[in-house]
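Written out below as C-alpha cells is the structure these notes cover.
4 protein chains.
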Amino acid sequence: MTLEPSTTEPPRKSGPAEESPESGRLRQLTHDVIFEADTVAGRGFDIALLALIVVSVIAVMLDSVDWIRARWGRSLVLVEWSITLIFTVEYAVRLWCVRRPWRYALSFFGIVDLLSLIPAYLSLLVEGSQMLMVIRTLRLVRAFRIFKLSRYVTESQALWEALRATSAKITVFVLLVMTFVLILGSAMYLIEGPERGFRNIPLSVYWAIVTMTTVGYGDMAPDTAWGRLVASIAMILGYSIIIVPTGIFSVEIIMAHKQHVSTQVCPNCTREGHDTDAAYCKYCGTRL
Amino acid sequence: MTLEPSTTEPPRKSGPAEESPESGRLRQLTHDVIFEADTVAGRGFDIALLALIVVSVIAVMLDSVDWIRARWGRSLVLVEWSITLIFTVEYAVRLWCVRRPWRYALSFFGIVDLLSLIPAYLSLLVEGSQMLMVIRTLRLVRAFRIFKLSRYVTESQALWEALRATSAKITVFVLLVMTFVLILGSAMYLIEGPERGFRNIPLSVYWAIVTMTTVGYGDMAPDTAWGRLVASIAMILGYSIIIVPTGIFSVEIIMAHKQHVSTQVCPNCTREGHDTDAAYCKYCGTRL
Amino acid sequence: MTLEPSTTEPPRKSGPAEESPESGRLRQLTHDVIFEADTVAGRGFDIALLALIVVSVIAVMLDSVDWIRARWGRSLVLVEWSITLIFTVEYAVRLWCVRRPWRYALSFFGIVDLLSLIPAYLSLLVEGSQMLMVIRTLRLVRAFRIFKLSRYVTESQALWEALRATSAKITVFVLLVMTFVLILGSAMYLIEGPERGFRNIPLSVYWAIVTMTTVGYGDMAPDTAWGRLVASIAMILGYSIIIVPTGIFSVEIIMAHKQHVSTQVCPNCTREGHDTDAAYCKYCGTRL
Amino acid sequence: MTLEPSTTEPPRKSGPAEESPESGRLRQLTHDVIFEADTVAGRGFDIALLALIVVSVIAVMLDSVDWIRARWGRSLVLVEWSITLIFTVEYAVRLWCVRRPWRYALSFFGIVDLLSLIPAYLSLLVEGSQMLMVIRTLRLVRAFRIFKLSRYVTESQALWEALRATSAKITVFVLLVMTFVLILGSAMYLIEGPERGFRNIPLSVYWAIVTMTTVGYGDMAPDTAWGRLVASIAMILGYSIIIVPTGIFSVEIIMAHKQHVSTQVCPNCTREGHDTDAAYCKYCGTRL
Chain A
22 MTLEPSTTEP PRKSGPAEES PESGRLRQLT HDVIFEADTV AGRGFDIALL
72 ALIVVSVIAV MLDSVDWIRA RWGRSLVLVE WSITLIFTVE YAVRLWCVRR
122 PWRYALSFFG IVDLLSLIPA YLSLLVEGSQ MLMVIRTLRL VRAFRIFKLS
172 RYVTESQALW EALRATSAKI TVFVLLVMTF VLILGSAMYL IEGPERGFRN
222 IPLSVYWAIV TMTTVGYGDM APDTAWGRLV ASIAMILGYS IIIVPTGIFS
272 VEIIMAHKQH VSTQVCPNCT REGHDTDAAY CKYCGTRL
Chain B
22 MTLEPSTTEP PRKSGPAEES PESGRLRQLT HDVIFEADTV AGRGFDIALL
72 ALIVVSVIAV MLDSVDWIRA RWGRSLVLVE WSITLIFTVE YAVRLWCVRR
122 PWRYALSFFG IVDLLSLIPA YLSLLVEGSQ MLMVIRTLRL VRAFRIFKLS
172 RYVTESQALW EALRATSAKI TVFVLLVMTF VLILGSAMYL IEGPERGFRN
222 IPLSVYWAIV TMTTVGYGDM APDTAWGRLV ASIAMILGYS IIIVPTGIFS
272 VEIIMAHKQH VSTQVCPNCT REGHDTDAAY CKYCGTRL
Chain C
22 MTLEPSTTEP PRKSGPAEES PESGRLRQLT HDVIFEADTV AGRGFDIALL
72 ALIVVSVIAV MLDSVDWIRA RWGRSLVLVE WSITLIFTVE YAVRLWCVRR
122 PWRYALSFFG IVDLLSLIPA YLSLLVEGSQ MLMVIRTLRL VRAFRIFKLS
172 RYVTESQALW EALRATSAKI TVFVLLVMTF VLILGSAMYL IEGPERGFRN
222 IPLSVYWAIV TMTTVGYGDM APDTAWGRLV ASIAMILGYS IIIVPTGIFS
272 VEIIMAHKQH VSTQVCPNCT REGHDTDAAY CKYCGTRL
Chain D
22 MTLEPSTTEP PRKSGPAEES PESGRLRQLT HDVIFEADTV AGRGFDIALL
72 ALIVVSVIAV MLDSVDWIRA RWGRSLVLVE WSITLIFTVE YAVRLWCVRR
122 PWRYALSFFG IVDLLSLIPA YLSLLVEGSQ MLMVIRTLRL VRAFRIFKLS
172 RYVTESQALW EALRATSAKI TVFVLLVMTF VLILGSAMYL IEGPERGFRN
222 IPLSVYWAIV TMTTVGYGDM APDTAWGRLV ASIAMILGYS IIIVPTGIFS
272 VEIIMAHKQH VSTQVCPNCT REGHDTDAAY CKYCGTRL
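From first to last, the protein sequence lines are chains A, B, C and D.
Residue numbering for the first sequence is 22 to 309, as defined by my numbering.
Residue numbering for the second sequence is 22 to 309, as defined by my numbering.
Residue numbering for the third sequence is 22 to 309, as defined by my numbering.
Residue numbering for the fourth sequence is 22 to 309, as defined by my numbering.
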C-alpha cells in the first residue's frame with residue numbers, strides 16, 4: 022500500500038514561476054483524478070482504468086490461443102494497440118502531473134506501468150516480442166488500489182497488519198522449511214541418484230519442494246525403499262508443519278481484534294473491561 | 022437459505038373470489054406440506070423427496086456404467102421414468118399451490134426443479150440427451166432444506182453468518198490469489214513456452230491454479246531451471262497463503278460465539294454497540 | 022473409547038455356586054490383568070500385547086515383500102504362527118474371564134481379535150488366504166488403550182469431546198462437500214465424456230474427490246477448455262473450503278479450554294472471573 | 022535449542038596447574054567468540070560461519086549439475102577445499118577450547134560438524150564419495166543459532182514451547198494417522214494386489230502416505246472400483262483430519278499468549294495456579 026507514497030503528492034499549490042496559475046490548477050485537478058480515489062472523478066478513473074487493464078489482459082490471453090488468434094487476430098491486435106495508446110497517454114499524463122516525475126517513474130507502480138508499454142512498441146522492431154505483452158498482467162496489482170475506495174480498506178489493512186506482526190515468526194518458519202527442503206533434497210540425491218531421475222541437487226531440492234508443499238506432480242518420484250522412506254518423511258513433515266503458521270496467524274488476528282478492550286478501571290466501582298471508545302463506566306455510569 | 026424467499030408465501034388466506042373456500046384450504050394445506058418443514062407432514066414430505074432425489078441420482082450414476090446398464094438397463098430406465106413422473110407431478114403441484122407461480126418458477130430451486138425434468142423428456146426426441154439427466158444431481162442441494170427441521174439449523178446458520186461476515190476479507194484474498202495465478206501463469210508461458218506444453222496463457226493459468234491449490238496433476242510440469250523456480254514460488258505461495266483465510270474465518274467464528282455486543286440503543290444518545298452486560302451507556306452515562 | 026464398555030465387567034465377586042472360590046479369584050485376577058490398565062500387571066500386559074501386535078504387523082508386512090520372503094520366509098512363518106498361537110490363547114482367556122463372553126465376542130475389539138486369528142487358520146485350508154493376515158493391522162487400534170495408562174488420557178478425551186461437540190457442524194460440511202463432489206463429477210462427465218477417460222459418473226465423482234481433496238494423482242485430468250474451467254472451480258473450492266471445519270474445530274477447543282472459568286460472583290466485592298476450583302475470592306479473600 | 026548444553030561451558034576460570042594463565046585466558050576468549058553469541062565478536066563469528074556454510078552448500082549443489090561442473094569444476098573444487106580446511110580448523114579449535122571435548126564431539130552439533138568434514142577427506146581415498154559432501158547441508162541447522170542474537174529468540178521460543186505443550190496431543194494424532202495409514206495401505210494391498218502395482222504391503226503403505234498427505238504423485242493409483250472407494254476414504258480422511266492438530270496448536274498459542282496463571286505460591290497453603298491478577302489465595306483466602 023506504500024508503493025507510491027510521496028509520488029502521489031500533488032504539485033505544490035504555489036506553482037513555480039514559469040507556470041501559469043491555470044496550468045497549475047489543471048495539473049492539480051488531473052493529479053487528483055488520477056492519483057486520488059476520494060472524489061467521484063478519481064473513483065471513476067480508477068474503475069475505468071481497472072476495466073481497461075482487465076480487457077487488455079484478456080486480449081493478450083486470447084491472442085496466445087492459436088485458433089482464436091487465427092480467427093480474431095486482427096480485432097485483438099486492434100484492441101491491444103488501442104489500449105497501448107491509452108496506457109501511453111496515461112503514463113505521460115501521470116509523469117506530467119506529479120511534482121517529482123522521477124520518483125513516480127522509479128516507484129513500483131511507475132516501473133510496472135512502463136514495463137507494460139515497452140513490449141508493444143518492441144514488437145514493431147523485434148519479431149516475436151509481442152509475447153512479452155503478458156507482462157501487462159502485472160498491472161492487475163492496481164486492482165488493490167480500488168480497495169482504497171470501499172469498505173475493503175479496513176479489511177485489507179487488518180490483514181496486512183496481522184501479516185506484518187507475524188512476519189518474524191513466519192520468517193523463522195520459512196527458514197526452517199527451507200532447511201528441511203535442502204536437507205531432504207540432498208538426502209534424496211544421495212539415495213536415488215542421477216540414474217533414477219534425481220539428476221542433480223537443485224533438481225532434488227525442487228522435488229523436495231513439490232513434495233513438502235503436497236503438490237506432488239509425479240514427474241519425479243522415489244523408486245527405492247530408502248527413497249520412499251525419505252519421501253514419506255518429507256510428505257508427513259510438509260503435511261503437518263503447515264499447522265504452525267496457521268496457528269500463529271490465527272492468534273495474531275484474534276489479538277488484533279481484542280485490542281478494543283482497554284485496561285482502564287472505573288474510578289467509582291473499580292471494574293475493568295471497558296471498550297477503548299467508552300467515555301462512561303458501563304456498570305455504574307461514572308465518567309471514566 | 023434465502024433462495025426461495027417470497028415464493029414460499031402461502032396463497033392469501035382470503036382467497037380470490039373465483040376460488041371456493043375448500044379449494045383455498047386445500048391449496049393452503051398442500052403449500053404447508055410442500056414448502057413448510059415445521060409440521061409432521063411437511064417434514065415427512067421433505068425426507069421422502071430427498072430419498073427420491075438420492076435414488077434418482079444413484080440410478081443415473083449406475084446407468085452411466087456400461088456393464089451395469091447392459092445388465093439392469095431396463096430396471097434403471099423404469100426407475101428413472103417413475104421418478105421423472107413423480108417429479109413432474111411435484112413440479113406442477115408446487116406451481117399450483119404457491120401464490121405467485123412465476124416467482125417460484127424463476128427462483129433458484131424452481132429452475133433446478135425444471136432443469137431436472139427436461140433431459141428425460143428431451144431424450145424421447147433427441148438421441149443421447151439422456152446423459153443430461155445427471156443435471157438431477159443439482160436437486161441434491163434441496164438436502165440442505167432438511168436442516169431446517171433439526172438442530173442443524175443453528176449450526177448451518179452460524180456457519181453461514183461467519184462466511185457472510187468474512188466475505189469482504191475473503192474477497193480481497195481471492196482477488197489477491199487470482200492476481201498471483203494470472204501473473205505466475207503468464208510468467209510460465211513466457212519461460213517454458215508452447216513447445217514444452219504451455220501452449221497458451223489460459224492453459225498456463227490453469228497450470229498455475231493446479232499448482233497453487235497444491236493439486237498437482239502432473240499433466241503439465243516445468244522442464245527448465247527457471248520454470249522450476251517459478252513453479253517453486255507458486256507452490257510455496259499456494260501452500261502458505263491458505264493460512265490467511267483460515268485465520269480470518271477462525272476469528273470470525275470466535276467473535277460470533279462471543280457476541281458481547283447487544284443490539285440495545287441508548288435512550289439518550291441513540292448510539293449502539295453496548296456490551297450485553299452494560300447497565301449504563303458507555304458514551305453518555307445514561308441508564309440503559 | 023466406549024468400544025468394550027460392559028464386557029470389561031469382572032465376573033461377579035460372589036461367583037455362581039458351581040465355581041470354587043479359588044477359581045473365581047483366579048478369573049477375577051486374570052480379568053484385572055487383561056482388561057484393567059491401572060495395576061502394574063495390567064499395564065505390563067497391555068504393553069506386551071501391543072509389542073506383539075506391532076511385531077505381528079511387521080512380520081506380515083515383510084512377508085509380503087518378495088525378496089524378503091524368499092530369504093527369511095521360514096523364520097517369518099515361524100514368527101507368524103507363534104504369535105497366532107499366543108493370540109489364540111489370549112482370545113480364549115479373554116472369553117473365559119469375562120462375565121458375559123458373548124458381549125465381548127460381539128464387541129468391536131472382540132470381532133477384531135477374532136478376525137485377526139481366522140486368516141492364519143484359513144491358510145491351512147485355502148491356498149493364498151495367508152494374504153488376509155494383513156487384517157491383523159486392525160488390532161493396532163488397541164494401541165489407543167495404552168493411553169488409558171498415561172497422561173494421554175486427558176488429551177485424547179479433550180480431542181474426542183471437541184470432535185463430538187462439532188459433529189453436527191462437521192456433518193453439515195461433509196454433506197455440502199459431497200453435494201459439490203457429485204455435482205462437479207457429473208458436470209465433468211457431461212463435459213469431457215467417456216472418450217476422454219471420464220468413462221462413467223462414479224469414475225467422474227472419484228476424479229472430483231481426487232481433485233477437491235487436492236490429492237491430484239493425474240491419472241485422469243481434463244483435456245478440454247470447459248473441463249479445465251470446471252476442474253479449476255473444483256480445485257479452488259477444495260483448496261479454500263477446508264478453512265470452514267478448521268475454524269469450527271479450533272473454536273470448539275478454545276471453548277472447551279475456557280470452561281474453567283465459573284460464572285460465580287463474589288458475595289463481598291461482586292466481581293466475577295473466578296476459576297471453577299476457587300474456594301475464596303481472588304480479589305478480596307472472601308469465602309465464595 | 023538444548024542441543025549443546027553443557028558442552029558450551031567455558032574452561033574453568035581457575036585453570037588446571039599445567040596451564041599457564043595466559044593460555045587459559047586465550048581459551049576462554051576463543052570459547053566466548055565461538056560458542057557465545059552475546060558479544061560483538063561472537064555475533065560476527067556466527068554470521069561469518071553461517072555465510073561460509075551457505076557458500077559451501079551452494080558450491081556442493083552447483084557441483085552436482087553436470088554442465089556447471091564441466092565449466093567451473095576447478096573453481097568449485099578450490100572453493101570446497103578452502104571451506105573444508107576452514108571447517109577443519111574450526112572443528113579443532115572448538116575441541117580445544119571447550120572444557121569437555123568429548124561432550125562436544127558427541128553432541129548433535131559436534132557430530133554434524135565432524136560428518137561435514139569426513140566426505141571431503143574420504144574423496145581422496147575413495148572415488149565418488151565426493152557426492153557425500155551434500156551432508157554439509159545438515160550444518161545449515163546452525164542457522165537457528167543466529168536467532169539467539171536477535172528478536173527472533175522470543176518468537177522461536179514461543180513456537181517451541183507451543184509445540185512442546187501440544188506434543189502429547191500431537192503424538193496421539195500421529196499414532197492415529199499411522200494406524201489409519203497401515204490399515205488403509207493393507208486394505209489396498211488386499212484389494213488391488215501385486216498385479217496392479219501394489220506389489221507388497223510396505224509399498225501400499227507408502228501409497229497410503231502419499232494419498233493421505235494429499236501429495237498424490239500418481240505413480241501408483243487404484244484401478245478397481247473397490248480400490249477407488251478405499252482411496253476416496255483415505256483422501257477425505259487425510260484432507261479433513263489435518264484440522265485436528267491445527268486446532269490444537271492454535272489454541273496452545275492462544276493459551277501461551279494469555280498466561281493468566283502466575284507462578285506465585287500461596288504463603289499459607291503453598292498451592293500454585295493463581296491468576297496474575299489475584300490478590301488473595303483462591304484456595305485458603307490468605308493475602309498473596
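The beta-carbon is built from N, C-alpha and C at its ideal position, and this holds for glycine as well.
Give me the subset of the stretch 209-230 of chain B whose CB atoms are less than 8 Å from a CB atom of chain C, sorted by chain position. P223, L224, Y227, I230
Rounded to whole angstroms, what is the Cα-Cα separation between S207 of chain B and L71 of chain A? 18 Å
Along the chain, where does the alpha helix (DSSP H) containing M199 of chain C start, and where does it finish? 188-213
Just the chain D side, please: which residues come within less than 8 Å of S41 of chain B by C-beta, in chain order? Per Cβ cutoff of 8 Å: no residues; S41 of chain B is ~55 Å from chain D at best.
Considering just the uninterrupted stretch of the alpha helix (DSSP H) at I145 of chain C, what are its terminal residues? The question names Ile, but residue 145 of chain C in the sequence shown is Leu. Taken as a continuous stretch (DSSP letters only), the alpha helix (DSSP H) holding L145 of chain C covers 139-146.
Expressed to the nearest angstrom, what Euclidean distance is found between the alpha-carbon atoms of V61 of chain D and A141 of chain A? The alpha-carbon atoms of V61 of chain D and A141 of chain A are separated by roughly 54 Å.
Determine the closest residue to R265 of chain A out of A:L50, A:L197, A:F130, with distance taken between C-alpha atoms. With the sequence shown as reference, residue 265 of chain A is identified as Val, and Arg is not the correct amino acid for it. Residue A:L197 is the option with its Cα nearest to V265 of chain A.
To the nearest angstrom, how far is it from the Cα of T105 of chain B to the Cα of L138 of chain B? T105 of chain B and L138 of chain B: Cα-Cα distance of roughly 6 Å.
Residues of chain C with CB under 8 Å from G94 of chain A, in chain order? The contacting residues do not exist; G94 of chain A stays about 18 Å from chain C at best.
Tell me which same chain residues have a C-beta within less than 6 Å of the C-beta of C118 of chain B, skipping the five on either side of it? R48, T51, H52
Contacts of S271 of chain B in chain D (Cβ-Cβ under 8 Å): S271
Do I274 of chain B and G268 of chain C have their C-beta atoms closer together than 8 Å? Their beta carbons are under 8 Å apart, which means I274 of chain B touches G268 of chain C by this criterion.
Rounded Cβ spacing between G259 of chain A and T234 of chain A (contact assumed at less than 8 Å): 6 Å
Determine, for T245 of chain D, whether the minimum Cβ-Cβ distance to residues of chain B falls below 8 Å. no
Since S203 of chain C meets chain B, which of its residues come closer than 7 Å, beta carbon to beta carbon? Ser is not the amino acid found at residue 203 of chain C; the sequence shown has Leu there. Simply V78, T158, L161.
On the criterion of 16 or more Cβ atoms from any shown chain inside 10 Å, does L127 of chain A qualify as buried, or is it exposed? exposed
Do we get a CB-CB distance below 8 Å when we pair V282 of chain D with the residues of chain A? In this prediction, V282 of chain D has a pLDDT of 47, which is less than 50 and means its spatial position is unreliable; nothing more can be read from the coordinates.
Tell me, please, whether the stretch 181-197 of chain C touches the stretch 237-246 of chain D by the rule of three or more beta-carbon pairs shorter than 8 Å. no
Just how far apart, CA to CA, sit V162 of chain B and T192 of chain C? 15 Å
Could you confirm whether any beta carbon from chain A is found closer than 8 Å to the beta carbon of G237 of chain D? yes
Drop a sphere of 10 angstroms on the beta-carbon of W247 of chain A, count the other beta-carbons inside from all chains shown, and report buried for 16 or more, exposed for fewer. It is exposed - the Cβ of W247 of chain A has fewer than 16 other Cβ atoms within 10 Å.
Within the 8 Å Cβ cut-off, does L71 of chain C reach chain D? no
Quick one, which of B:T245, B:I55, B:P223, B:V75 has its alpha-carbon nearest T200 of chain C's? B:V75
Whole-angstrom distance between R64 of chain B and S171 of chain B, CA atom to CA atom: In this prediction, S171 of chain B has a pLDDT of 49, which is less than 50 and means its spatial position is unreliable; what the coordinates show is noted afterwards. So the two alpha carbons sit approximately 10 Å from each other.
Which of the three DSSP states, helix, strand or coil, is assigned to E182 of chain D? helix
Separation of Y210 of chain A from T158 of chain D, as counted between CA atoms: 12 Å
Can you look up T245 of chain D in the DSSP assignment and give me helix, strand or coil? coil
Which of helix, strand or coil DSSP assigns to G218 of chain C: Residue state, collapsed to three classes: coil.
Does the Cβ of W6 of chain C have 16 or more other Cβ atoms within 10 Å, making it buried, or fewer, making it exposed? What is shown of chain C runs 22 to 309, which leaves residue 6 of chain C out entirely.
For a cutoff of 8 Å on Cβ pairs, would you count M154 of chain A as touching chain D? no
Contact belief for I68 of chain C with V114 of chain C at Cβ below 8 Å, rounded distance in angstroms: No, I68 of chain C and V114 of chain C are not in contact; Cβ-Cβ is about 17 Å, not under 8 Å.
Within the stretch 93-127 of chain A, ranges of the alpha helix (DSSP H) (whole runs, at least 4 residues): 122-127
Does I264 of chain B come within less than 8 Å of chain A when only Cβ atoms are used? Yes - at least one Cβ of chain A is within 8 Å of the one on I264 of chain B.
Whose Cβ in chain D lies nearer than 7 Å to the Cβ of S85 of chain C? S85 of chain C reaches chain D at Y210, N221, I222, counting residues in chain order whose Cβ is nearer than 7 Å.
Counting only beta-carbon atoms, is T200 of chain A nearer than 8 Å to chain B? no
Using a Cβ-Cβ cut-off of 8 Å, state whether I274 of chain D counts as contacting chain C. no
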